[in-house]
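There are 2 protein chains.
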Amino acid sequence: MHHSGRVTSELQKTVGRRLRERRRELGLSQEAMAEQLGYHRTFLGSVERGERNLTLASVEQLATSLGVPALDLLRD
Amino acid sequence: MHHSGRVTSELQKTVGRRLRERRRELGLSQEAMAEQLGYHRTFLGSVERGERNLTLASVEQLATSLGVPALDLLRD
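Just so you know, the sequences run in chain order A and B.
The working numbering applies: residue 56 is where the first sequence begins, and numbers increase by one.
The working numbering applies: residue 56 is where the second sequence begins, and numbers increase by one.
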């Protein structure tokens, strides 16, 4: 059975969950966080929903902007 | 100072080190491992050297083909 839809990796979902948790810890809306970190709101929203197949470098950059180690975003 | 060279993320280097360690544990050459996993030898070599800015999904796929959890490749 050929899988035609986009396969969302577990890692993508984990990064999304951890980003959302971190944002909530900071008490920020997606918009406020995006502004603070210099990202676009819709981009952060799609990362949170696990829709973005980020590269290792962009995960690391996101973590750096959040002031957390990259591994913090990669494990529950 | 504008950094013109490609920035290699720490995560890329970690994945490279862990892949190489795993390959050595299995006692395989890059060529043999590439063949077994269905990757191109030069691709695996570049991943091992930390030259590839892999996506989360491709790290997960690589881990699955190695029979290890993705996190195993993401932390030392």
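All C-beta atoms, glycine included, are put in the ideal place defined by N, C-alpha and C.
Everything numeric in this text was worked out from a predicted model, so none of it was measured.
From the beta carbon of R78 (chain A), is the nearest beta carbon of chain B less than 8 Å away?
So, not an interface residue.
Could you check the C-alpha separation between G71 (chain A) and L109 (chain A) for me, to the nearest Å?
Each residue's alpha carbon lies about 10 Å from the other.
How would you call E115 (chain A), buried or exposed, if buried means at least 16 neighbouring beta carbons within 10 angstroms?
Per the 10 Å Cβ criterion, buried.
Using the rule of at least 16 other Cβ atoms within 10 Å of the residue's Cβ for burial, across every protein chain shown, is S101 (chain B) buried or exposed?
Exposed.
Since R110 (chain A) sits in a beta bridge, which residues does DSSP pair it with?
It should be noted that the sequence gives Thr, not Arg, for residue 110 (chain A). According to DSSP, which records beta bridges pairwise, T110 (chain A) is partnered with B:T110.
Cβ atoms of R130 (chain A) and L126 (chain B): under 8 Å apart, would you say?
Contact: yes.
Rounded to whole angstroms, how far is the Cβ of L74 (chain B) from the Cβ of L128 (chain B), which I believe are closer than 8 Å?
With a Cβ gap of about 6 Å, L74 (chain B) and L128 (chain B) count as contacting.
Counting along the chain, where does the alpha helix (DSSP H) carrying L83 (chain A) start and finish?
No alpha helix (DSSP H) contains L83 (chain A), which DSSP labels as neither H nor E.
At the level of alpha carbons, what is the spacing between E103 (chain A) and P124 (chain A)?
E103 (chain A) and P124 (chain A): Cα-Cα distance of roughly 17 Å.
May I have the straight-line CA-CA distance separating Q85 (chain A) from L66 (chain A), to the nearest angstrom?
Going by the C-alpha atoms only, they are around 21 Å apart.
Start and end of the alpha helix (DSSP H) containing R96 (chain B)?
Looking at the DSSP string, the run of the alpha helix (DSSP H) that includes R96 (chain B) is 96–103.
Rank B:G122, B:A112, B:S120, B:L99 by C-alpha distance to the C-alpha of K68 (chain B) and give the top, closest one.
Here the closest residue by C-alpha is B:L99.
Suppose the cutoff is 8 Å on Cβ atoms and the five residues either side in sequence are ignored; what does the same chain contact list for H95 (chain B) look like?
Answer for H95 (chain B): A89, listed in chain order.
Give every residue of the same chain whose Cβ lies closer than 8 Å to the Cβ of R83 (chain A), excluding the five residues on either side of it in the sequence, and list them in chain order.
Here residue 83 (chain A) is Leu; the residue named in the question, Arg, does not match the sequence. Counting only Cβ-Cβ distances below 8 Å, and skipping sequence neighbours, we find Q91.
Taking only beta-carbon positions, decide if L126 (chain A) is within less than 8 Å of chain B.
At least one chain B Cβ lies under 8 Å of L126 (chain A).
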